[in-house]
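Asker: If you read the sequence shown in this note's numbering, its first letter stands for residue 134, the second for the next number, and so on.
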Amino acid sequence: MDNVHATLIKQLNSNNFSITKTRLAVFDALLNKEPLAMKNLVLNLAKITDRASVYRTVDLYEKLGIVQRLNIGWKYKIELSDKYQEHHHHISCSICGLLISTDGDSHIEQDINELAKKHGFKILSHQLEIQGVCSNCTK
Ligand SMILES: [Zn+2]
Ligand SMILES: [Zn+2]
């Protein structure tokens with residue numbers, strides 16, 4: 134078993150949950166992928182599990198901090214939390230919905246750390262969503 138799955142199982146177990154076929158499938162559907170809308174996640178898993186189970190699992194994963202919700206306008210997408218993938222930010226197009234994951238910008242990370250320090254905070258996590266219009270949609 135590789136590292137990410139071992140971490141997942143450990144995290145579930147320490148919260149008194151066991152790994153199930155659905156839980157594993159939801160995790161794998163998000164692993165190393167671009168953020169997914171719930172609709173697409175349900176579609177991708179249609180052969181393995183039903184809609185209600187996908188929603189229930191994502192709900193649980195959100196509570197446990199395994200996945201995070203990205204609010205894009207009035208919609209949202211789901212991706213694995215920083216614990217399971219490289220920290221990054223997103224830029225999304227408010228017209229066509231194009232979503233680009235950016236590499237962590239060290240200047241931004243540094244500014245956030247300084248901001249937290251100034252207010253005496255220890256940072257647990259942060260999300261940064263940038264919305265705009267992509268070059269295709271500005272044409
Ligand atoms: Zn666009
Ligand atoms: Zn960041």
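In this text, a Cβ means the ideal position worked out from N, Cα and C, and glycines have one as well.
Check whether the Cβ of Ile241 sits closer than 8 Å to any heavy atom of ligand 2, and report yes or no.
Answerer: Along the sequence shown, one-based indexing puts residue 241 at 108. Yes, ligand 2 has a heavy atom inside 8 Å of this Cβ.
Asker: Does DSSP classify Leu248 as helix, strand or coil?
Answerer: Indexing the sequence shown from 1 puts residue 248 at position 115. Helix, per DSSP.
Asker: So Leu178 packs on Val191, CB below 8 Å; how close in whole Å?
Answerer: Position 45 of the sequence shown, counted from the first residue, corresponds to residue 178. Position 58 of the sequence shown, counted from the first residue, corresponds to residue 191. Not quite, the Cβ-Cβ distance comes to about 11 Å (not below 8 Å), so this is no contact.
Asker: Consult DSSP for Cys229 and reduce its assignment to one of helix, strand or coil.
Answerer: Counted from its first residue, the sequence shown places residue 229 at position 96. Of the three classes helix, strand and coil, the one that applies to Cys229 here is coil, per DSSP.
Asker: DSSP puts Gln201 in a beta bridge; with which residues?
Answerer: For the purposes of this step, residue 201 is taken as residue 68 along the sequence shown, with counting starting at 1. Per DSSP, Glu212.
Asker: DSSP on Ile256, reduced to helix/strand/coil?
Answerer: In the sequence shown, the residue the question calls residue 256 occupies position 123. Here Ile256 sits in coil by DSSP.
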